[in-house]
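Please read the structure below before turning to the comments.
In this note's numbering, the protein residues as written are 43 to 483.
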């Protein structure tokens, strides 16, 4: 699969949906400010939450005023007015995030269903996707109508399920980008005591369920996997206990941390291991709430002028969005460790029309995935099960199909009781009635 973009110009029009978000957007604006190759471009923030949009817009203008960055900077609550002429559309949207996420975790637990995170897998991931998919598909239909040559870069979760819907129900050009591969590189660097720039990796699978197939030293060509297998169980990382145990069991290292990989496995919420039995599972949901609340306060303080903006600008976001946009605009060539794209044979033993995470490249204004061959049989089987669940999830979300939602619930390894599955489904449908009108026509 390749995604054509418009020809490079002196300036790009970049529209950011979910522009009032404080977790990614301020850092992305800083990335733009440091990227002189894109000077002359326009950035339009779009968000339905006027208060948050105003805060992030105020911060963005303050950052621009503190530098000589040449960008036209705008904000609006109306995406229809923002999209015409866009070259890049970045999607980073969420719907009433924490109250709904809390319910996504609490309701299944009432029926004995435990989840690692309840964001991308399990009943929580199912309903998170059902709320996210219809509005994002509508955004992409507006892109088709108003700026058909634009490239959509998705940052929203659940990544694979959202992009499966975009693939099945629209004709936009798209790629999904996730920073988990960067965090995986940082973990490997610490584990091996090798600078990240010396690591050559090949990783493939599904988003948040991607596996290292190769880990090598760029300088010497040495295969570092034997060392990783030796060190991971002994150099304990408290957010990768499950990951280390899966490495012991399968021989392969998952790119992401326990909170994500645990969403796709039976008893994935239990993160104790043979070598650290006293370690209690971490409550990532509670940690994440505190983390994001802190980010909100810092962004508000920055917007008001409480901190020097140039200090904030120095720190990169960790996202590769800017690299993608710059390389596309310049018609250059650059390789990336992880793109989310329709499979089209990149992973030979997964369905061709599913969404996979594989290495990729940007070249001559187009985006490509890289073929990695086949996944080991166990990993491929785990991924195939998730693909089946994801496709049912998309059908349920787009058509208000209760039977498809029930089948997705019954297939999910997190759900171990058919009776609990049906009761949990009905309870969650009722709790989400305001967000899922297609189920209640």
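Every residue gets a Cβ at the ideal spot worked out from N, C-alpha and C, and that includes glycine.
What do you get for residue 165, buried or exposed, if any count of 16 or more other CB atoms within 10 angstroms of its CB means buried? buried
Cβ pair residue 274, residue 289 closer than 9 Å: Closer than 9 Å, so yes.
At the level of alpha carbons, what is the spacing between residue 240 and residue 92? 45 Å
Mind checking which residues open and close the beta strand (DSSP E) that includes residue 416? No beta strand (DSSP E) contains residue 416, which DSSP labels as neither H nor E.
With a threshold of 8 Å, are at least 3 pairs of Cβ atoms found where one atom belongs to the segment 452-464 and the other to the segment 185-195? no
Tell me the rounded alpha-carbon separation between residue 414 and residue 396. In this structure, the alpha-carbon of residue 414 lies about 15 Å from that of residue 396.
Is there contact between the segment 138-146 and the segment 155-170, where contact requires at least three CB pairs shorter than 8 Å? yes
Would you be able to state if there are at least three C-beta pairs under 8 Å between the segment 112-123 and the segment 81-99? With a cut-off of 8 Å, the segment 112-123 and the segment 81-99 count as touching, because enough Cβ pairs lie within range.
Based on DSSP bridge pairs, tell me the residues matched to residue 398. 383
Would DSSP call residue 109 helix, strand or coil? Judged by DSSP in its simplified three-state form, residue 109 adopts coil rather than helix or strand.
Using only CA atoms, which one of 238, 189, 483 and 222 lies nearest to residue 216? By alpha-carbon distance to residue 216, the top candidate from 238, 189, 483 and 222 is 189.
If you draw a straight line from the C-alpha of residue 498 to the C-alpha of residue 232, how long is it? Outside the shown range of the chain, which is 43 to 483, sits residue 498, and nothing can be said about it.
What residue range does the beta strand (DSSP E) around residue 254 cover? 251-259
Please report the residue range of the alpha helix (DSSP H) in which residue 472 lies. Element bounds for residue 472: 460-473.
Please determine, among 451, 412, 124 and 432, the residue with the shortest C-alpha to C-alpha distance to residue 243. 412
Report yes or no: do three or more beta-carbon pairs, one from the segment 381-390 and one from the segment 102-112, lie closer than 8 Å? no
Proximity below 9 Å, CB of residue 384 to CB of residue 398: For residue 384 and residue 398, yes; Cβs fall inside 9 Å.
Nearest-angstrom Cα separation, counted from residue 85 out to residue 55: 6 Å
Taking the alpha-carbon of residue 307 as reference, which of 110, 428, 59 and 125 has the nearest alpha-carbon? 428
From residue 79 to residue 448, what distance separates their C-alpha atoms? 49 Å
In chain order, each alpha helix (DSSP H) run of at least 4 residues that lies wholly inside the segment 187-262: The segment 187-262 contains these whole alpha helix (DSSP H) runs: 201-211 and 222-234.
Residue 74 versus residue 370: straight-line alpha-carbon distance, rounded: 15 Å
In this structure, how does DSSP classify residue 137 when only helix, strand and coil are distinguished? coil
Buried or exposed: which applies to residue 379, given that a residue is buried once 16 or more other Cβ atoms fall within 10 Å of its Cβ? buried
Tell me the residue span of the alpha helix (DSSP H) that contains residue 269. 267-273
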